[in-house]
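Read through the structure below, which is laid out as structure tokens, and then see the notes.
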Amino acid sequence: MAGEIQNPIIRVRDITVQFGSTRVLDGLNLDVKRGEILGFVGPSGAGKSVLTRTIIGLVPKVAGSIEVFGVDLDSSSTSQRRNVERRWGVLFQQGALFSSLTVRQNIQFPMREYLRVSQRLMDEITMAKLTMVGLKPEVAERFPSELSGGMIKRVALARALSLDPDLVFLDEPTSGLDPIGAGDFDELVRTLQRTLGLTVFMVTHDLDSLYTACDRIAVLGNGKIIAAGSIADMQASQHPWLRQYFHGKRARAVMG
Amino acid sequence: MSSDPKLERIAKGNALALCATGTWTASFAPVLERMVADAEKLAGGQQSIFIDVSEVAKLDTFGAWLIERLRRSLTKGSVEAQIAGLSANYSSLVDEVRRVRATAVVDGGTVTIAGMLEQIGRTVAGIGGTVAGLVDMLGAVLAAWFRVLIHPRSFRLTSTVHHMEQVCWRAVPIIVLITFLIGCIIAQQGIFHFRRFGADIFVVDMLGVLVLREIGVLLVAIMVAGRSGSAYTAELGSMKMREEIDALRTMGFDPIEVLVLPRMMALVLALPILAFLGAMAALYGGGLVAWLYGGVEPEAFLLRLRDAISIDHFIVGIVKAPVMAAVIGIVACVEGLAVQGSAESLGQHTTASVVKGIFFVIVMDGVFAIFFASIGM
Numbered sequence: 005m006a007g008e009i010q011n012p013i014i015r016v017r018d019i020t021v022q023f024g025s026t027r028v029l030d031g032l033n034l035d036v037k038r039g040e041i042l043g044f045v046g047p048s049g050a051g052k053s054v055l056t057r058t059i060i061g062l063v064p065k066v067a068g069s070i071e072v073f074g075v076d077l078d079s080s081s082t083s084q085r086r087n088v089e090r091r092w093g094v095l096f097q098q099g100a101l102f103s104s105l106t107v108r109q110n111i112q113f114p115m116r117e118y119l120r121v122s123q124r125l126m127d128e129i130t131m132a133k134l135t136m137v138g139l140k141p142e143v144a145e146r147f148p149s150e151l152s153g154g155m156i157k158r159v160a161l162a163r164a165l166s167l168d169p170d171l172v173f174l175d176e177p178t179s180g181l182d183p184i185g186a187g188d189f190d191e192l193v194r195t196l197q198r199t200l201g202l203t204v205f206m207v208t209h210d211l212d213s214l215y216t217a218c219d220r221i222a223v224l225g226n227g228k229i230i231a232a233g234s235i236a237d238m239q240a241s242q243h244p245w246l247r248q249y250f251h252g253k254r255a256r257a258v259m260g
Numbered sequence: 351m352s353s354d355p356k357l358e359r360i361a362k363g364n365a366l367a368l369c370a371t372g373t374w375t376a377s378f379a380p381v382l383e384r385m386v387a388d389a390e391k392l393a394g395g396q397q398s399i400f401i402d403v404s405e406v407a408k409l410d411t412f413g414a415w416l417i418e419r420l421r422r423s424l425t426k427g428s429v430e431a432q433i434a435g436l437s438a439n440y441s442s443l444v445d446e447v448r449r450v451r452a453t454a455v456v457d458g459g460t461v462t463i464a465g466m467l468e469q470i471g472r473t474v475a476g477i478g479g480t481v482a483g484l485v486d487m488l489g490a491v492l493a494a495w496f497r498v499l500i501h502p503r504s505f506r507l508t509s510t511v512h513h514m515e516q517v518c519w520r521a522v523p524i525i526v527l528i529t530f531l532i533g534c535i536i537a538q539q540g541i542f543h544f545r546r547f548g549a550d551i552f553v554v555d556m557l558g559v560l561v562l563r564e565i566g567v568l569l570v571a572i573m574v575a576g577r578s579g580s581a582y583t584a585e586l587g588s589m590k591m592r593e594e595i596d597a598l599r600t601m602g603f604d605p606i607e608v609l610v611l612p613r614m615m616a617l618v619l620a621l622p623i624l625a626f627l628g629a630m631a632a633l634y635g636g637g638l639v640a641w642l643y644g645g646v647e648p649e650a651f652l653l654r655l656r657d658a659i660s661i662d663h664f665i666v667g668i669v670k671a672p673v674m675a676a677v678i679g680i681v682a683c684v685e686g687l688a689v690q691g692s693a694e695s696l697g698q699h700t701t702a703s704v705v706k707g708i709f710f711v712i713v714m715d716g717v718f719a720i721f722f723a724s725i726g727m
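Chains C and U supply the protein sequences, listed in that same order. For the first sequence, the numbering used here gives the first residue as 5, with consecutive numbering after it. For the second sequence, the numbering used here gives the first residue as 351, with consecutive numbering after it.
Structure (structure tokens):
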């Protein structure tokens, strides 16, 4: 336990990912510390989602190693891997809710698979999760096709949180939300991180999210991490893309 | 590291005090629920009620909720149960859970005989709607067709050719193979049974008439309904799910003209071609078996075939093909456009497309049989 606190919760070393002859990630290194909210930015098409998908095992890598919770995902046994998967939650860009299940069934799906819990407790926990992500209990019996974009994100977050994970991956959680909704979502992520002691790995394009929600920021470019550090470090950086990103018109608007 | 959770009663005179210890997390949920249910019975008549959670080693949403559930059920009348000794780490989690309103969950409907009868009634009543939907689509396609006739430049040739490739060209190997095998089987069975009457040679008559009039086109139509009808439904259905069809509409395009008409055209052109190829393959297979198994020389087979069949048989068969293609196409497109938001709905409509397509093909075949009999063909 003590060792786990000091060690990073995600430890990515020399990761290389290739699609055909295009190299998307090229010897990338990244650490995510326990309990932090890491904002992950970079130009469109730089491979932010690819890195997320590589860490959770959806995209095969050519070289490198990934450790999550101190478990090397390449050399782990099936049961070790199951254990790791049970401790993380993933919010996909489009929500990826199961379209033929209601909101309630979506949130209960991981519980049903991994826990032995009575139906009554599952229903009550579902209501608790819905309240946590700021949705009304009435939503529970609706199908994903009957929800708005923002609600889908919230339900997807509730599902990602349904097993009380230690780590959540959020892939562009605020994209497609109105600024107020996006602000609420950032606030929500912050609150949940405090109450549940989460570690959050957040891919985002949203400058507001970076300023209000994130403890640390990592920037991806040319298949590597160009810079990592606090928002102040980012603003002080001389890297051309970073200068443009953090001192552009929109950034000035956010900083006021 | 993780210790079994416990909930003990600490006697305190007129007060009820419960002390929770150990790990209160999801993995212990069954034990926790039982303990909480037992503890709930202890309430009654006390002046004050406390739940001491200072010894809890680990708490998650499940544990926090169960403590909250206990607190709520111990709170009776004017005596409110208090949670004491909450560590700073977990206080926000407990506060969060306290905001949850307990709402009765709607139970999934139970199966009753009345409900089943109602379902049957609705399905039967829905048949009228299905037929109306098909006629509606037929009308829309014909209207689009006339618009294209007036403005030939709006015809989507590229799309039609693309669908021709999918529906016709790529279907040739499997259609030829299956009709060839069916021809072989018909010939083998015919020879086997006719031989007892010394009527081997009549197998050629049977094969010719059966293949050209019925089997060729019917079998091919059923295969096309399964192969291309399902594909049409799935394509249109997933486009509907992702609002692509709405997008077309808002850009001022008619989905019928852009999506349905090219597919219908491709199918109507493809089915006669496939039916012809299928009939030839079946005759070839039958001839081969008649020669190798029945000892009917190829020359004799061809001579007999020329006597047995006339161009009428061929026409009767091939005339049916475009009509069946239209039926398959319309059913597939109606089902595709009826898909709702879920993956389940897509599956249901694809199934319905194939089942209805095959059903209507067979019904049409029956109608044609009556028609041709009455005009003496």
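The beta-carbon is built from N, C-alpha and C at its ideal position, and this holds for glycine as well.
For residue i, name the three-state secondary structure that DSSP assigns.
i	result
C:PHE173	strand
C:ARG108	helix
U:GLN690	coil
C:THR20	strand
U:LEU368	strand
U:VAL447	helix
U:GLY413	helix
U:THR375	coil
C:LEU139	coil
C:ARG91	coil
C:GLY285	Because chain C in this structure spans residues 5 to 260, residue 285 of chain C falls outside the shown range and cannot be described.
C:VAL75	strand
Taking 9 Å as the threshold (beta carbon to beta carbon), is residue i in contact with chain U?
i	result
C:PHE147	yes
C:GLY201	yes
C:ASP35	no
C:LEU95	no
C:GLY7	At C:GLY7, the pLDDT of 43 sits below 50, so the modelled position is not reliable; the number obtained from the coordinates is stated separately. No, its Cβ sits nowhere closer than 9 Å to a Cβ of chain U.
Does chain C have any CB closer than 9 Å to the CB of residue i?
i	result
U:VAL474	no
U:SER724	no
U:ASP410	yes
U:GLY450	It should be pointed out that residue 450 of chain U corresponds to Val in this sequence rather than to Gly. Chain C contact via Cβ: present.
U:ALA370	no
U:TRP415	yes
U:GLN690	yes
Ignore the nearest five residues each way along the sequence and tell me which others in residue i's own chain have a CB closer than 8 Å to its CB.
i	result
U:ALA365	GLN396, GLN397, SER398, ILE399 and PHE400
U:GLY558	LEU633, LEU655, ALA658, ILE659 and HIS663
C:ARG57	VAL63
U:VAL570	ILE525, THR529, LEU621, LEU624, ALA625, GLY628 and ALA671
Hey, could you find the ends of the alpha helix (DSSP H) residue i is sitting in?
i	result
U:TRP495	463-500
U:CYS534	522-544
U:VAL618	611-642
C:ALA162	153-164
What residue range does the beta strand (DSSP E) around residue i cover?
i	result
C:LEU224	220-225
C:ARG27	26-36
C:GLU145	Careful: C:GLU145 lies outside any beta strand (DSSP E) and carries neither H nor E.
C:ILE70	67-72
C:GLN242	Neither: C:GLN242 is in no beta strand (DSSP E) and is coded neither H nor E.
C:LEU42	41-45
When the Cα of residue i is compared with those of the options, which residue comes out closest?
i	options	result
U:ALA319	U:ILE525, U:SER377 and U:ILE678	Lying before the first or after the last residue shown, residue 319 of chain U is absent from chain U, which here runs from 351 to 727.
U:GLU390	U:LEU499, U:LEU416, U:LEU484 and U:ALA464	U:LEU416
U:ILE319	U:ARG472, U:ILE470, U:TRP374 and U:MET487	This structure gives no information on residue 319 of chain U, because the portion of chain U shown stretches from 351 to 727.
U:VAL666	U:ALA629, U:VAL639, U:LEU652 and U:SER692	U:ALA629
U:ALA521	U:GLY707, U:SER353 and U:SER578	U:SER578
U:LEU653	U:VAL474, U:ALA625 and U:ILE551	U:ILE551
U:VAL561	U:ARG546, U:ILE536 and U:VAL574	U:ILE536
C:ARG116	C:THR130, C:SER103 and C:PRO183	C:THR130
C:THR178	C:GLU89, C:ASP35, C:GLY99 and C:ILE14	C:GLY99
U:SER353	U:LEU392, U:VAL386 and U:VAL406	U:VAL406
C:ASP78	C:VAL28, C:ALA232 and C:ILE60	C:ILE60
U:GLU585	U:GLY686, U:LEU507 and U:LEU568	U:GLY686
In chain order, what residues of the same chain lie with their CB nearer than 6 Å to the CB of residue i, ignoring the 5 residues before and after it?
i	result
C:LYS52	PHE44, GLY46, VAL207 and LEU224
U:MET727	ASP662 and VAL666
U:CYS534	GLY635 and VAL639
C:TRP92	PRO169 and LEU171
U:SER404	GLY435
C:VAL107	VAL143, ALA144, ARG146 and VAL159
Return the chain-ordered list of same chain residues with a C-beta closer than 7 Å to the C-beta of residue i, the five sequence neighbours on each side being excluded.
i	result
U:ALA688	HIS699
C:ASP168	LEU200
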